[in-house]
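In the numbering used here, the protein residues as written are 6 to 149. Beta carbons: idealized from backbone N, C-alpha and C, even for Gly.
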């Protein structure tokens, strides 16, 4: 009897975690497509659906985003290290890439903060200019 009661008590929290993860995955896909236009409304809707505060839901989003970023960062560094091991990059190129990556992350954070002051066309033009500059930088440093 006691075992069944424990299982029932675990089902709701586990279900909530699974549902939250599914919602967050779907949300990340939507936000990637639409930008952050509906982010606040989504946080509010999830909060009211689960009886949580907006700040609690936002904290989950922020934590998830940080975890995903850390995973992408780790995978990026592993790919570069593997390229050095394979001989397709030199150790100097590896350092250049890591430095450029850090520079681009800092620049991206500043750009996102200023995104609201730009039109969609201005934003796209700026991103294209950055891509062109990065391709030129990579070519200048012998990185394909």
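Cα-Cα separation between residue i and residue j, rounded to whole angstroms
i, j, result
"residue 64", "residue 57", "11 angstroms"
"residue 86", "residue 135", "25 angstroms"
"residue 124", "residue 116", "13 angstroms"
"residue 36", "residue 44", "Because the pLDDT of residue 36 is 49, which lies under 50, any placement of that residue in the model is unreliable, and the number read from its coordinates should be weighed accordingly. Taking the straight line from one Cα to the other gives about 7 angstroms."
"residue 60", "residue 109", "29 angstroms"
"residue 140", "residue 53", "46 angstroms"
"residue 114", "residue 93", "30 angstroms"
"residue 112", "residue 130", "16 angstroms"
"residue 88", "residue 137", "23 angstroms"
"residue 55", "residue 62", "9 angstroms"
"residue 51", "residue 66", "11 angstroms"
Contact set for residue i: own chain, Cβ-Cβ below 6 angstroms, skip 5 residues either direction
i, result
"residue 91", "none"
"residue 105", "none"
"residue 78", "none"
Contacting residues, own chain, Cβ-Cβ under 8 angstroms from residue i (five flanking each side not counted)
i, result
"residue 128", "120"
"residue 84", "none"
Contact set for residue i: own chain, Cβ-Cβ below 7 angstroms, skip 5 residues either direction
i, result
"residue 3", "Lying before the first or after the last residue shown, residue 3 is absent from the chain, which here runs from 6 to 149."
Cβ-heavy atom distance, residue i to the ligand MN, below 7 angstroms
i, result
"residue 43", "Inclusion of the ligand MN in the displayed structure is not the case, the ligand content being empty and no account of it being possible."
Cβ contact (3+ pairs, closer than 8 angstroms) linking the stretch 135-149 and the stretch 93-111: yes
Ranges of the beta strand (DSSP E) found wholly within the stretch 79-135, counting only runs of at least 3: none
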